[in-house]
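**Q**
2 protein chains.
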Amino acid sequence: MASIIEVARLAGVSTATASRVVSASDYPVSPATRERVLEAARTLDYVPNALARGLLKSRVPVVAVIVHDITDPYFAEVVRGVEDGASAAGFLVITCSSERNAERERSYVRLLRSIQAAAVVFAGSGLDDPALNVEIERHLAAMQADGAAIVHLSPHALGEPEVSVDNAAGVAAMIAALVGLGHRRIAFLAGPRSLFVARERLAGYRRGLEAAAIPFDEQLVVRTSFDREGGALGVDTLLDAGTPFTAVSCANDLLALGVLGRLAELRIAVPGAVSVAGFDDISTASLTAPSLSTVRLPLRELGRRGFEQADRRLAGEEPERVVLPTEVILRGSTGAPPIEALVVEGTSTVPASSASPAALPALDAAAR
Amino acid sequence: MASIIEVARLAGVSTATASRVVSASDYPVSPATRERVLEAARTLDYVPNALARGLLKSRVPVVAVIVHDITDPYFAEVVRGVEDGASAAGFLVITCSSERNAERERSYVRLLRSIQAAAVVFAGSGLDDPALNVEIERHLAAMQADGAAIVHLSPHALGEPEVSVDNAAGVAAMIAALVGLGHRRIAFLAGPRSLFVARERLAGYRRGLEAAAIPFDEQLVVRTSFDREGGALGVDTLLDAGTPFTAVSCANDLLALGVLGRLAELRIAVPGAVSVAGFDDISTASLTAPSLSTVRLPLRELGRRGFEQADRRLAGEEPERVVLPTEVILRGSTGAPPIEALVVEGTSTVPASSASPAALPALDAAAR
DNA sequence: ACAACGACAGCAAACGTTTGCTATTCTGCG
DNA sequence: CGCAGAATAGCAAACGTTTGCTGTCGTTGT
């Protein structure tokens, strides 16, 4: 691998001059000399060594996006948004998937710090591992002190994200829509307790309930992992608990997909017996049977703004907090609650714990 | 950001000794000294500078995966496979999405070369831009000469991939399955002409036809982009051409998803009027309505083997070519062809170009 | 004709590591 | 008691850049 020294030698100039030519500095170099250097660089297939350069400049033109799970379409879409902006601005984007493992996240942050990445964008929320978070935050602080830009797209241990989506309002809006359809007993699959974003969405659920003057029932919220398995498991948990419900709202689409799957296995009609709603509007949502009602998040836009924010910081400008709006999309998986459920709800105010399973009359343990 | 010099000073040792401690070299250092250095490093929050280290060692413990499209589940799954292996071996994985843009791919390769990544895994096939490919190959050759491992998971400009999936056999098997169901007029959505992998799959289609002694009809293959839009467009093209068909086999699932969507819009029954088959078995495939028949690829395994291969090369061992098997998964989107079509096929051997549109009797331009 | 200045080129230091070699200390053995 | 040799520690060079400073022209203005 040719170095600038060889380029300089071949061009018959000093390394200083050669450097000034190849790095497109604004230092004056005569056209003739410049041409000779360029020619030499071409001949030798010269590629500047980013390490040496970064060593000196303490910054490498890379923006990293840290995601929880690279197979989750939510993150894929956000990454693409970041790419939209970053590539245009001459940065290269690298994606790091923590697999929801705080230790791995720590490793990535360390790597990024040690290669002096210009910016790191956290697409997912914090991981709630106190010990490791302390370390991660220390790295981030050090990077920021070094001039790097750190941007969060979700709530995290240290506070509010720079750019985000109004999760709580989104869920609340979906709850309102469900209530509008006639539902009163709405279960909520909240995702993992450890994810900040999951907590926000849960808060949205409570807020939505409150707005409709429906009492919160702990029995109706179940916490699982943020994936399809979690959704299936959630259905089982809900059914086992025996508390009646006519709709289940999920903290993300993957959960809802799992719910749909499990419900289909159990031959429970959607939306006939139970309505199902997701959150995120990943591309699969419109393809399922029935198609999934969900809350659309401007994911790509979120990524784009995330980069914008980073770029702004790099330029020394003040950050500017932005919250993107969401939109409820009603598709085939939601409908009016079954008649029996309405009757039960309408005629009595049975306490949740002792309510009859009238909302799902056809269901008993044997059916599963 | 504390450097090793400060650590050494604080510990009261030379940088050499400090380096030997923090880099876990096997050079002997007395326990007492070691402890002092470690303590100092902890106090100062020392993080080794990967740039300086890489500058000297000419290798950074990073394996990069280059994909075409980060939102494509196919690639996400492969990346995850690479991560499985790489993380275990102490490498960090970074994903670079070229967006099928050869120039961007070139930039990534340059970056990777210039940061001395230990390995780069190409998940997708080559991009068929001769000029840029020459440059990319030059970079790769230089990296390899430098000790980096380059692994291809798909056919590319310079030849066979180190690890791959038997694309042609997979498609051929699907064609055989379709033929087994009674289909004779099978269209093929081939994806873009410029993708090597698309060509392989098209070859599989021809081979499958040949095995069933069905003549190849150029009218039945349509080339589009490798995404949902391509699938929808493919349906339109096929219908416009007027050549009858009872099944459409797609070169990937995204195309098939697009086909399913467009067919639903046109109210053409699947599999009643047309059977649809995909390729890849992305996770969405089992969730659509009807669920998608497809060819399952061991994607995660592919990624895992890809890393294995890279690791082997890094260790100086000989590469070992491996081809992973595929499996046909028949779900709800395929079935027997409609009766009318069978009659037409059975009673006459009308040349393709003048065949009546009997295979899709309910269809005319007005319907769309 | 001379001073002053602008345009260009080169020297060498610095970035933060690793490592070959040399220097020092200590141990144990003859 | 002297010495070989093991066990440690340190010196300094090297990796490939960038850039402040200095030096050398040639040109312009008076």
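Those sequence lines, one after another, are chains A and B. Once you know that position 185 of the first sequence is 185 in the numbering used here, the rest is easy, because the numbers rise by one and skip nothing. Once you know that position 141 of the second sequence is 1141 in the numbering used here, the rest is easy, because the numbers rise by one and skip nothing. Glycine included, C-beta positions come from ideal geometry on N, C-alpha and C.
1. Gly-335(A): which of Asn-167(A), Met-1(A), Val-179(A), Leu-287(A) sits nearest, CA to CA?
2. Out of Glu-105(A), Arg-262(A), Ala-148(A), which one is the CA nearest neighbour of Val-134(A)?
3. Measure the C-alpha to C-alpha separation of Glu-1318(B) and Ser-1125(B) and round it to an integer number of angstroms.
4. Cβ closer than 8 Å: which chain A residues qualify as neighbours of Leu-1055(B)?
5. Is there at least one Cβ from chain A nearer than 9 Å to Met-1174(B)'s Cβ?
6. Could you give the first and the last residue of the continuous alpha helix (DSSP H) run that contains Arg-296(A)?
7. Who does Glu-327(A) pair with in a DSSP beta bridge?
8. In three-state DSSP terms, what is Thr-288(A)?
9. Spell out whether any CB of chain B is found under 9 Å from the CB atom of Glu-6(A).
10. At 9 Å on the CB atoms, spell out the chain B contacts of Cys-250(A), in chain order.
11. What do you get for Ser-1014(B), buried or exposed, if any count of 16 or more other CB atoms within 10 angstroms of its CB means buried?
12. When you compare only the Cα positions, how much space is there between Glu-1210(B) and Tyr-205(A)?
13. Measure the Cβ-Cβ separation of Thr-288(A) and Leu-260(A) and say whether it is below 9 Å.
14. Closer than 9 Å, CB to CB, is Leu-297(A) near chain B or not?
15. Nearest to Leu-314(A) by alpha carbon, out of Pro-161(A), Asp-146(A), Leu-111(A)?
16. Start and end of the beta strand (DSSP E) containing Ile-150(A)?
17. Look up Phe-188(A) in the DSSP assignment and give the residues it is bridged to.
18. To the nearest angstrom, how far is it from the Cα of Arg-1305(B) to the Cα of Asp-1072(B)?
19. Looking only at C-alpha atoms, which of Arg-59(A), Leu-132(A), Leu-266(A), Glu-103(A) sits nearest to Val-120(A)?
20. Using 9 Å as the limit for Cβ to Cβ distance, is Ile-94(A) near chain B?
21. How many Å lie between Ser-3(A) and Thr-33(A) at the Cα?
22. What did DSSP end up calling Val-375(A) once you bin it into helix, strand or coil?
23. Less than 9 Å separating the beta-carbons of Val-165(A) and Ala-187(A)?
24. For Asp-240(A), count the other beta carbons within 10 Å of its own beta carbon; 16 or more makes it buried, fewer makes it exposed. Which is it?
25. What residue range is occupied by the uninterrupted alpha helix (DSSP H) comprising Leu-1004(B)?
26. Judging by CA-CA distance, which residue of Val-7(A), Gly-12(A), Gly-332(A), Ala-24(A) is the nearest neighbour of Leu-181(A)?
27. Would Gly-261(A) count as contacting chain B if we go by Cβ distances under 9 Å?
28. From the DSSP secondary-structure annotation, give me the bridge partner or partners of Asp-1084(B).
29. Mind checking the segment 278-291 of chain A against chain B and listing, in chain order, the residues whose C-beta falls within less than 7 Å of any C-beta there?
30. So with Cβ pairs under 9 Å, would you call His-1156(B) a contact of chain A?
31. Return helix, strand or coil for Phe-216(A), following the three-state DSSP convention.
32. When burial is assigned at 16 or more other CB atoms within 10 Å of the CB, is Ser-98(A) buried or exposed?
33. Since I believe Ala-1256(B) is in contact with Gly-1208(B) (beta carbons under 8 Å), could you give me their beta-carbon distance rounded to a whole number of angstroms?
34. Please go through the same chain and pick out, in chain order, the residues whose beta-carbon is closer than 8 Å to the beta-carbon of Gly-1346(B), but skip the five residues on each side of it.
35. Name the DSSP beta bridge partners of Leu-92(A), please?
36. With Val-120(A) as the anchor, note down where its alpha helix (DSSP H) starts and where it stops.
**A** Considering the structure as presented:
1. With distances taken between Cα atoms, Gly-335(A) lies closest to Val-179(A).
2. That would be Glu-105(A), whose Cα lies nearest to the Cα of Val-134(A).
3. For Glu-1318(B) and Ser-1125(B), the gap between their C-alpha atoms comes out near 23 Å.
4. Chain order gives the chain A residues near Leu-1055(B) as Asn-49, Leu-51, Ala-52, Leu-55, where near means a beta carbon separation below 8 Å.
5. False, the Cβ-Cβ gap to chain A never drops below 9 Å.
6. No alpha helix (DSSP H) holds Arg-296(A); the beta strand (DSSP E) holding it covers 294-296.
7. Answer is Arg-296(A), bridged to Glu-327(A).
8. In this structure, Thr-288(A) counts as strand in the three-state DSSP scheme.
9. No, no contact with chain B.
10. Within 9 Å Cβ-Cβ: nothing; Cys-250(A) doesn't reach chain B, min ~15 Å.
11. So Ser-1014(B) ends up on the exposed side.
12. Using only the alpha carbons, I get a separation of about 58 Å.
13. Cβ distance < 9 Å, so Thr-288(A) and Leu-260(A) count as in contact.
14. For Leu-297(A), no CB of chain B lies under 9 Å from its own CB, so it is not counted at the interface with that chain.
15. Closest option to Leu-314(A), Cα to Cα, is Asp-146(A).
16. 149-152 is the span of the beta strand (DSSP E), which, as asked, contains Ile-150(A).
17. Answer is Val-221(A), Ser-249(A), bridged to Phe-188(A).
18. CA-CA distance, Arg-1305(B) to Asp-1072(B), rounds to 20 Å.
19. Nearest C-alpha to Val-120(A): Arg-59(A).
20. For Ile-94(A), the answer is yes, since a Cβ of chain B falls inside 9 Å of its Cβ.
21. Whole-angstrom Cα-Cα distance: 18 Å.
22. This structure gives no information on residue 375(A), because the portion of chain A shown stretches from 1 to 368.
23. Taking 9 Å as the Cβ cut-off, Val-165(A) and Ala-187(A) do not qualify as a contacting pair.
24. Asp-240(A) should be labelled exposed.
25. The amino acid at residue 1004(B) is misidentified as Leu; the sequence shows Ile. Taken as a continuous stretch (DSSP letters only), the alpha helix (DSSP H) holding Ile-1004(B) covers 1004-1011.
26. Check the Cα spacing between Leu-181(A) and each of Val-7(A), Gly-12(A), Gly-332(A), Ala-24(A): the tightest is with Gly-332(A).
27. Answer yes: the Cβ-Cβ gap between Gly-261(A) and chain B drops below 9 Å somewhere.
28. Beta-bridge pairing links Asp-1084(B) to no other residue.
29. For the segment 278-291 of chain A, the residues whose beta carbon sits under 7 Å from a beta carbon of chain B are, in order, Thr-284, Leu-287, Thr-288, Ala-289.
30. Cβ-Cβ to chain A under 9 Å: no for His-1156(B).
31. Reduced to three states, the DSSP call for Phe-216(A) is coil.
32. Its Cβ being crowded by 16 or more others within 10 Å, Ser-98(A) is buried.
33. About 16 Å separates the two Cβ atoms, so there is no contact after all.
34. Confidence at Gly-1346(B) is low in this model, with a pLDDT of 41, below 50, so its placement is unreliable and the value that follows should be read with caution. Once the five neighbours on either side are set aside, Gly-1346(B) has no close Cβ partner at all.
35. Partner(s): Val-62(A).
36. Not the alpha helix (DSSP H): Val-120(A) falls in the beta strand (DSSP E), residues 117-122.
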